[in-house]
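Structure first, commentary second.
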Amino acid sequence: MLFLRSLSGVEEQGAEDWLALSKRAHALYQQGNYDAASSLFSESLTKREEAFGKIHPRVAMGLNNLAAVYQAQGDYKKAEPLLLRALSIMENSLDPGDPSVASSLNNLALNYQKQGKLSEAKALYERSMQIVETSFQTKGIDLIPVLTNLGTYYKEAGQLIEAEAFLVRALAISETSLESDDLRLSNQLNNLGEAYRLTGKYEAAEIMFQRSLEILEEHSGLHHPNVAAVYNNLGLLYSDQGDLTKAESILERSLELCEQSLGSDHPNVFQGLLNLAELYRKMDRPKEAEQFEKRAAQIREKAASE
290 MLFLRSLSGV
300 EEQGAEDWLA
310 LSKRAHALYQ
320 QGNYDAASSL
330 FSESLTKREE
340 AFGKIHPRVA
350 MGLNNLAAVY
360 QAQGDYKKAE
370 PLLLRALSIM
380 ENSLDPGDPS
390 VASSLNNLAL
400 NYQKQGKLSE
410 AKALYERSMQ
420 IVETSFQTKG
430 IDLIPVLTNL
440 GTYYKEAGQL
450 IEAEAFLVRA
460 LAISETSLES
470 DDLRLSNQLN
480 NLGEAYRLTG
490 KYEAAEIMFQ
500 RSLEILEEHS
510 GLHHPNVAAV
520 YNNLGLLYSD
530 QGDLTKAESI
540 LERSLELCEQ
550 SLGSDHPNVF
560 QGLLNLAELY
570 RKMDRPKEAE
580 QFEKRAAQIR
590 EKAASE
């Protein structure tokens, strides 16, 4: 999820308070320290509301930032009201073609997608895409989030040709617009690698995954939550290629990292358990598969009851 850029103009009253908090929170977010980041983003949001009132675009940015942390933690229900409020503020405060409106639409669309509300997500993605492609205020970098999310949307919908086209475009812009160690570039590489894996382009997929890991290692070592996501996809790639022993090692490492950095009930842990269960069935180890499937079912039941 993209953190909304600053609005133009001079800094206003109280900026040193909310802005400093936001910068510290953003650094923690980049490190994968989501609990600490959410605390500071929440404090920054309160300071924004005190400085600018409840319906200022800077408050909407604060809402989006806090929602981003909740999304990273897999708490999409908690993120949704923040994103709805942020979008309402942006639409009522800014020009309809402002890139910040597009960003808010994109953020809410991603949240719907993560909850399986695909029709709602697609409608918002299309509105966001229309703004960023037609607005004179849009820069190339503004296209990255919606291109990425549309690519993942089509990937999940099984429309792999469309997915690859969006993700290739997102990566091309990222490579010309971002620093070589930017975490967003790592994410683009991982997303495109997964699209390549699903279409059987295994060699290209592995190159994408390895490049993604190199950025993550340079940026924050191999303990960042995003490393688990790349390892998961790399493990699935080795499984697809029939290297089940190598796949097992990588998928186990992915699950371990997920549990350490995101908690045992995170949606990524749920998916990691299912991926390992499927691998164990391929390896004719049904008892281990059943154990992991049982753990996954417990996570699903707990999430449904909340």
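Under this note's numbering, the first residue of the sequence shown carries the number 290, and numbering increases by one thereafter.
For every residue, glycine included, the Cβ atom is placed at its ideal position computed from N, Cα and C.
None of the values given here were measured: they were computed from a predicted structure.
Using 10 angstroms around the beta-carbon of residue i, count the other beta-carbons present and answer buried if the total reaches 16, otherwise exposed.
i: ALA258; result: In the structure displayed, the chain extends from 290 to 595; residue 258 sits before or after that span and is not available.
i: GLN302; result: Low confidence applies to GLN302: its pLDDT is 48, below 50, so where it sits in the model is not reliable enough to give any reading.
i: ALA586; result: exposed
i: THR423; result: exposed
i: LYS336; result: buried
i: ALA398; result: buried
i: LEU511; result: exposed
i: ILE450; result: exposed
i: GLN477; result: buried
i: PRO575; result: exposed
i: SER594; result: exposed
i: ASP324; result: exposed
i: LYS343; result: exposed
i: ASN353; result: buried
i: ASN381; result: exposed
i: THR437; result: buried
i: ALA356; result: buried
i: PRO514; result: buried
i: GLY447; result: exposed
i: ALA578; result: buried
i: TRP307; result: buried
i: ASP573; result: exposed
i: GLY351; result: buried
i: LEU329; result: buried
i: ALA368; result: buried
i: MET290; result: Because MET290 carries a pLDDT of 45, less than 50, the predicted location of this residue cannot be relied on, and the following value inherits that uncertainty. Looking at its Cβ environment, which holds 16 or more other Cβ atoms inside 10 Å, MET290 is buried.
i: ALA309; result: exposed
i: PRO346; result: buried
i: GLU464; result: exposed
i: LYS444; result: buried
i: GLU537; result: buried
i: GLU453; result: buried
i: GLY561; result: buried
Assuming the contact rule is C-beta atoms closer than 8 angstroms, residue i and residue j should be a hit. Round their C-beta distance to whole Å, please.
i: GLY531; j: ASN480; result: About 24 angstroms separates the two Cβ atoms, so there is no contact after all.
i: TYR318; j: VAL358; result: 6 angstroms
i: ILE504; j: SER475; result: 4 angstroms
i: ILE433; j: ALA459; result: 5 angstroms
i: TYR414; j: ASN396; result: About 11 angstroms separates the two Cβ atoms, so there is no contact after all.
i: LEU502; j: VAL519; result: 5 angstroms
i: ALA314; j: SER333; result: 6 angstroms
i: SER408; j: ALA391; result: The pair is not a contact, with the Cβ atoms about 19 angstroms apart (cut-off 8 angstroms).
i: LEU546; j: VAL516; result: 6 angstroms
i: SER377; j: LEU383; result: In fact, because the Cβ distance is near 11 angstroms, the residues do not count as touching under 8 angstroms.
i: LYS411; j: TYR442; result: 6 angstroms
i: GLU483; j: ASN522; result: 5 angstroms
i: GLY321; j: SER509; result: 7 angstroms
i: LEU565; j: LEU551; result: The Cβ separation is near 16 angstroms, so there is no contact.
Check whether chain B comes within 9 angstroms of residue i, counting only Cβ atoms and requiring the distance to be less than that.
i: LYS535; result: The structure shown has no chain B; it contains just one protein chain.
Q: Assess, as a yes-or-no matter, whether the region 486 to 494 is touched by the region 521 to 537 under the definition of 3 or more beta carbon pairs within less than 8 angstroms.
A: yes
Q | Any beta strand (DSSP E) of 3 or more consecutive residues that is wholly inside the region 446 to 516 | A | none
Q | Touch test, the region 354 to 374 against the region 551 to 564, Cβ-Cβ under 8 angstroms, three pairs minimum | A | yes
Q) Counting only runs that start and end within the region 373 to 456, where is the beta strand (DSSP E) found for 3 or more residues in a row? A) none
Q: May I have a chain-ordered list of the alpha helix (DSSP H) segments no shorter than 4 residues that lie completely inside the region 547 to 590?
A: 556 to 571
Q | alpha helix (DSSP H) runs wholly inside the region 309 to 357, at least 4 long, in chain order | A | 323 to 341
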